[in-house]
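Asker: Handing you a structure now.
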């Protein structure tokens, strides 16, 4: 089973005044009649499970109403009292399943992405799911078309025969000189911030490399409060 985990906690302040703290970009209509948040859910493959949503406490009714508008149900909406980075947010989602004795494959997606080639997106998910079944951790890369300094980069063993590549290193937002070098080399991809892995595999890796984060997330569940579809952490 593949469970999408939709990270919807961004504040959207960098797109002010169009996007505001109480109405961030993922919840507004930027490119069509639906919001980026709604588009993220609508383009999911039909054979995946209902998504688990993670958002800020102050955006809970926005998320719930926009789900209602497109007729989509979820496995719940985890509410963060304060914004967290990707690792702890995904850990909270993973613990939600492990604590129930479940170990699904998690498809971690951002709620503010614009993806035009849906067929290629679905093909990538299919390839990644086969790898995740074999306990691999997958990150989705984007082929760069310019020396962009605002994105993270993935150095990979890229060749023309495989549908996936092993990762050599990550670089976060390089300077212009290095971004140009990465682009020219053909061995780098933009880091999309989309991931796939088994729940247990992710938690085991987090325990190994960032045990403090996992410990804090486990403690937060002692204060878990479920109110209808909302799960307050």
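Numbering (this note's numbering), first residue to last: 3 to 235. Here a beta-carbon is modelled for each residue, glycine too, at the ideal position from N, C-alpha and C.
1. Can residue 143 and residue 194 be called in contact, C-beta distance under 8 Å?
2. Given this structure, state the Cα-to-Cα distance separating residue 28 from residue 40, to the nearest angstrom.
3. Is it the case that the Cβ atoms of residue 57 and residue 65 are separated by a distance below 8 Å?
4. Leaving out the 5 sequence neighbours to the left and right, which residues in its chain are closer than 7 Å to residue 76 when beta-carbon positions are compared?
5. Spatial neighbours of residue 158 within its chain, please: CB distance less than 8 Å, with the 5 preceding and 5 following residues excluded, ordered by chain position.
6. Please classify residue 164: is it buried, with 16 or more other beta-carbons within 10 angstroms of its beta-carbon, or exposed?
7. Quick one: Cα of residue 229 to Cα of residue 176, how far?
8. Give the range of the alpha helix (DSSP H) segment to which residue 201 is assigned.
9. Using only the alpha-carbon positions, how far apart do residue 198 and residue 106 sit?
10. I'd like the list of long-range same chain contacts for residue 160, defined as Cβ closer than 7 Å, with 5 residues on each side in sequence excluded.
11. What span of residues does the alpha helix (DSSP H) with residue 92 cover, start to end?
12. Report back the beta-carbon spacing between residue 202 and residue 127 to the nearest angstrom; my notes put them in contact at under 8 Å.
13. For residue 6 and residue 214, I'd like the C-alpha separation in whole angstroms.
Answerer: This is what the structure holds:
1. yes
2. 8 Å
3. yes
4. 52, 53, 54, 55, 69 and 231
5. 143, 167, 168, 169, 170, 189, 190 and 191
6. exposed
7. 43 Å
8. 201-211
9. 10 Å
10. 167, 188 and 189
11. 88-100
12. That belief does not hold up - the Cβ atoms of residue 202 and residue 127 are roughly 20 Å apart, past 8 Å.
13. 25 Å
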